[in-house]
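To start, the structure itself, in structure tokens.
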Amino acid sequence: MAGNDWINSYLDAILDVGPPIADKKSSLLLRERGRFSPTRYFVEEVITGFDETDLHRSWARAQATRSPQERNTRLENMCWRIWNLARQKKQLEGDQAQRMAKRRLERERGRREAVADMSEDLSEGEKGDAVSDISTHAESTRSRLPRISSVDTMEAWSSQQKGKRLYIVLISLHGLIRGENMELGRDSDTGGQVKYVVELARALGSMPGVYRVDLLTRQISSPEVDWSYGEPTEMLPPPRSSEGLMHEMGESSGAYIVRIPFGPKDAYIPKELLWPHIPEFVDGALNHIVQMSKVLGEQIGNGHPVWPVAIHGHYADAGDSAALLSGALNVPMLFTGHSLGRDKLEQLLRQGRQSRDEINSTYKIMRRIEAEELSLDASEIVITSTRQEIDEQWRLYDGFDPILERKLRARIRRNVSCYGRFTPRMVVIPPGMEFHHIVPHDGDMDTEPEANTDGKSPDPAIWAEVMRFFSNPRKPMILALARPDPKKNLTTLVKAFGECRPLRELANLTLIMGNRDNIDDMSSTNASVLLSILKLIDKYDLYGQVAYPKHHKQHDVPVIYRLAAKTKGVFINPAFIEPFGLTLIEAAAYGLPIVATKNGGPVDIHRVLDNGLLVDPHDQQSIADALLKLVADKHLWAKCRANGLKNIHLFSWPEHCKTYLSRIATCKPRKPHWLRDEEEDENSESDSPSDSLRDIQDISLNLKFSLDGDKNESQENMDGSVELKNKLENAVLTWSKGVVKSAQKSVSIDKGEQISNSSKFPALRRRKHIFVIAVDGDASSGLSESIKNIFGAVEKERDEGSVGFILSTSFNITELRAFLISESLNPSNFDAFICNSGGDLYYSSVHSEDNPFVVDLYYHSHIEYRWGGEGLRKTLVRWAASTTDKKGGNNEPAVVEDEETSADYCYSFKIKKHGVVPPVKELRKMMRIQALRCHVIHCQDGSKINVIPVLASRSQALRYLYLRWGMELSKMVVFVGESGDTDYEEMLGGVHKSVVLTGVCSGASSQLHANRSYPLTDVISYDSPNIIKTSQGFNSSDIRALLEDSQVFKD
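Below is the structure:
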């Protein structure tokens, strides 16, 4: 190693902070970069994101080696490792640059095509400028947060809300959620989001005009957690500060935590493992909302159901659930991301510790990103805490382009068509906080605490727990409150404190890092951070100057803030990126100045409160200087404290809720379109809509129209088509009101049907079970054989009328009818037909041999949300024309429009060359980039692509049938093959039983997996008791035995 002094410089730089090294001792790389601290280069540029502790151990072993030869060998090997890390980092930076360049090109191309479709250039008003951009897609905090300066102001606003009776649904699935004694910091899933959603629900429930708020979460009955998380319902008492806002109370009014059972019954599992169980939650939540809407209808709706005014999902898993519920109920959706998957993926890739596949395996990150993209597709409003979240995080998503969003908003303001393009509205609403119980402390530690009149000490127990660490507890306290997570950057804070002697002499450091019993029981990541902090305390000999208590309760947190303020201390949040920073607001409310990261939400908070300093979280010296400045300069400390207390009410919960409700009011009201009130009033409970679907649709016998009309003719005569549709809708509406009652008398009775003289319906055949046949593939893929086997398995129940059948397929109605005729199947054997992958819904009718199908037009109005119509079709046709075989030199498109099988709510395309067509996920991505919202499905063994409305699907059609006709989802049995269309996964999840027919559609698996960005195992729990499989070569008897073993026919 002689002559290689630069190697020792490298190694020393890893461990020690020193002055810039001389040019003669620097490497070529250092000389090229100029004079700078090698520590910054190695710690920030090379080691950050890699295993620094591993290098430290290697260095320690090398230093401890006595043999010079062995030590030199170790040092040489370590040098090569560092060189490899630097090379790896350069590779990662190159990969990231390529990803960003590719995304930018895709975004620009999509934007150009969207603008070209809209057929006119931007006006000056549409172009906007750098400042005005913010106001169109995200309201600035300063301009949009008017302070409530008096009680009269709030009372005036409250009086305007008195006539409203709103029902709001919030969803937050992961973590442990309860109203009192929240276990924040218990694990990575139980953090600030839990506190936020509980306090939001509580505050909304007390606002004028809001009758009920339901916070839906997971019911957890596990010995691992407290029994309270297994309680089905928990009422949240209103905030004490809302006494002046409270409206009249009702039997079911207020805010509630409603726990829906889904997933493993006896286990508390992390959020990454919840994805396969989301459909089960959606079914349970849908049942709760429907029942609650009826209850509220009796109380405040004059007998009419009171549907939610909005469903608000929090985090990706709840956003996915909220999108499905919003589509099933046809009500507006709101979304708050809290933490975004694409941003996390970029950070993890930059770190280089894991490959993309390893990241996805650990975090299920691709499924999370797809859920966030779907949330953008379905949301009316996306609520963010800061402008940074929009500018730097949401713009990473295919479904949101700030520039295109600005153009669409400008066109909407001018009442100009957007040609089927939609984008959610981004709204900045900072989280609120309760201030009624906060009394800023005006004393200091120089004043001895006085005893209460009853002789008890006023000091809380947690004070003693913290103070026992300090040799001089009267010094100002620097307080950090965060989990021991690498992104919270606590190790840099300890280094900054340890290496700044003036700061150590003036202040103490308190680290509240969650709760722990044993470090060995913590997660590996958290344990590693905590051990690093303990080693740094030992390295800098900070004993007596740093407190790190093992336990604290939620009610101790305000007391800790008070203690820091009492000592004239400072609160610090040094996170690398902080989405919002609720702890900064809490600290300001107790009179603490703040030092915070300049990355993320703290920028907006500081702009409003002006009560501290922002720092670069990577700059250790900057952190130390800011803390020292506030601790040493009492005048500056007092000024920051006063500013924080003066402006803190801009972040109150009443102000937050006022803005929140005003945003909801801008959403176009949506709810189920059909009217059944008179029917329900006229019929007894025994004639409820849980009876046969076939019997209910028989009421519409007089609705006769051709389902096989020429699509081209209807396109040429659009006015006639609209007129016909209006006539049909009016006819269905007339039927639904019970006007067409004479037709009921002419109903023919099939075997097993009986007429009830007391009913105004024809004889309703009660269905104890509904069998949904959803075997995919083309007509020759075993569908016919499967239908016959299923019919044969329940022949007795079929004759009795206790089992009904639904055929769920990607065929259009013409293809379906041809299939039934070719296989000699009678349409009347089925109650309903879900066609076009969920784009159409038909009922069978025994009263017309020519057209034995009746279309549900209300289903169309139910799924048409954000349907792009002709604008979407033109874009799809242009895409199909571009799918040519460039390598083969053949200009013939690989995909062509199938006009014969396309419908109003399903655009179909034939695939002529399978190897040339890109995966469907790429088409879905392209549509999102152009702000076209749709559901793209690869179907019929890869020979066809169906494009339907974004919230339509075969599984959603089943939820529609439950909502409209009262079908119990738990009484359904869905039959599928081993694989199928790209919506296959949706048919397997939920509260219903799923029967996988082994050997059927077994060859489509590779095609299925190529069309999604995540493994099928990420979203399907094959060990679920609701999923059962037949044996190979099954027959009717095997299916029957399987159903009996699964207790499908139990009473």
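Per our numbering, residue 24 is the first one in the sequence shown, and the count goes up by one each step.
From the three backbone atoms N, C-alpha and C, an ideal C-beta is built for every residue, glycine too.
Span of the alpha helix (DSSP H) around residue i
{"i": "K591", "result": "Where K591 is concerned, there is no enclosing alpha helix (DSSP H), given that its DSSP letter is neither H nor E."}
{"i": "L1065", "result": "1059-1068"}
{"i": "G342", "result": "338-352"}
{"i": "G307", "result": "301-323"}
{"i": "G815", "result": "806-816"}
{"i": "Y881", "result": "880-886"}
{"i": "T548", "result": "547-562"}
{"i": "N383", "result": "379-386"}
First through last residue of the beta strand (DSSP E) which encompasses residue i
{"i": "R235", "result": "233-241"}
{"i": "R630", "result": "Per DSSP, R630 belongs to no beta strand (DSSP E); it is in the alpha helix (DSSP H), 625-632."}
{"i": "I191", "result": "189-194"}
{"i": "N913", "result": "913-916"}
{"i": "G521", "result": "Element bounds for G521: not the beta strand (DSSP E) but the alpha helix (DSSP H), 513-521."}
{"i": "D863", "result": "863-867"}
{"i": "A278", "result": "277-283"}
Contact check, residue i vs residue j, beta carbons under 8 Å
{"i": "S868", "j": "V877", "result": "yes"}
{"i": "P572", "j": "E488", "result": "yes"}
{"i": "I542", "j": "L553", "result": "yes"}
{"i": "V918", "j": "V940", "result": "yes"}
{"i": "H361", "j": "Q216", "result": "yes"}
{"i": "D854", "j": "G815", "result": "no"}
{"i": "N852", "j": "I1062", "result": "no"}
{"i": "L529", "j": "P499", "result": "yes"}
{"i": "L372", "j": "R365", "result": "no"}
{"i": "C1077", "j": "I404", "result": "It is not possible to answer for residue 1077, since the shown part of the chain is limited to 24 through 1074."}
{"i": "G592", "j": "L502", "result": "yes"}
{"i": "K294", "j": "D249", "result": "no"}
Residue i - DSSP class collapsed to helix/strand/coil
{"i": "N849", "result": "coil"}
{"i": "Y985", "result": "helix"}
{"i": "T1085", "result": "In the structure as shown, the chain begins at 24 and stops at 1074. Residue 1085 is therefore absent and cannot be evaluated."}
{"i": "H672", "result": "helix"}
{"i": "F842", "result": "helix"}
{"i": "T533", "result": "strand"}
{"i": "A290", "result": "coil"}
{"i": "R524", "result": "helix"}
{"i": "R432", "result": "helix"}
{"i": "N438", "result": "coil"}
Buried/exposed call for residue i, threshold 16 Cβ in 10 Å
{"i": "L895", "result": "buried"}
{"i": "R128", "result": "As written in the sequence, residue 128 is Leu, which differs from the Arg given in the question. When all chains shown are included, L128 counts as exposed."}
{"i": "A401", "result": "buried"}
{"i": "Y566", "result": "exposed"}
{"i": "Q720", "result": "Unreliable positioning characterises Q720 in this predicted model, as indicated by a pLDDT of 41, which lies under 50. The coordinate reading is nonetheless provided below. With 16 or more Cβ atoms within 10 Å of its Cβ, Q720 is classed as buried."}
{"i": "G214", "result": "buried"}
{"i": "Y1045", "result": "exposed"}
{"i": "E9", "result": "Absent from the structure is residue 9, since the part of the chain shown begins at 24 and ends at 1074."}
{"i": "K112", "result": "buried"}
Proximity to residue i [Cα-Cα], best of the options
{"i": "H1015", "options": "Y985, S976, G1003, R432", "result": "Y985"}
{"i": "V220", "options": "T240, G208, Y234", "result": "T240"}
{"i": "T620", "options": "N596, A612, I608, G635", "result": "N596"}
{"i": "K819", "options": "V973, R693, S1059", "result": "S1059"}
{"i": "F932", "options": "Q963, K948, N914, M949", "result": "Q963"}
{"i": "R135", "options": "I312, M990, S809, D424", "result": "D424"}
{"i": "L899", "options": "G253, R686, G133, W417", "result": "G133"}
{"i": "I671", "options": "E321, I461, F520, Q111", "result": "I461"}
{"i": "S831", "options": "R977, M101, G342", "result": "R977"}
{"i": "T1005", "options": "T906, K994, P1038", "result": "P1038"}
{"i": "G614", "options": "P602, R664, V582", "result": "R664"}
{"i": "G350", "options": "G800, H197, A980, G537", "result": "A980"}
{"i": "F285", "options": "R840, W298, E303, G273", "result": "E303"}
{"i": "D1068", "options": "I1051, F1057, G1056, G232", "result": "I1051"}
{"i": "K694", "options": "I292, E206, P331", "result": "P331"}
{"i": "M449", "options": "R434, R418, A588, A598", "result": "R418"}
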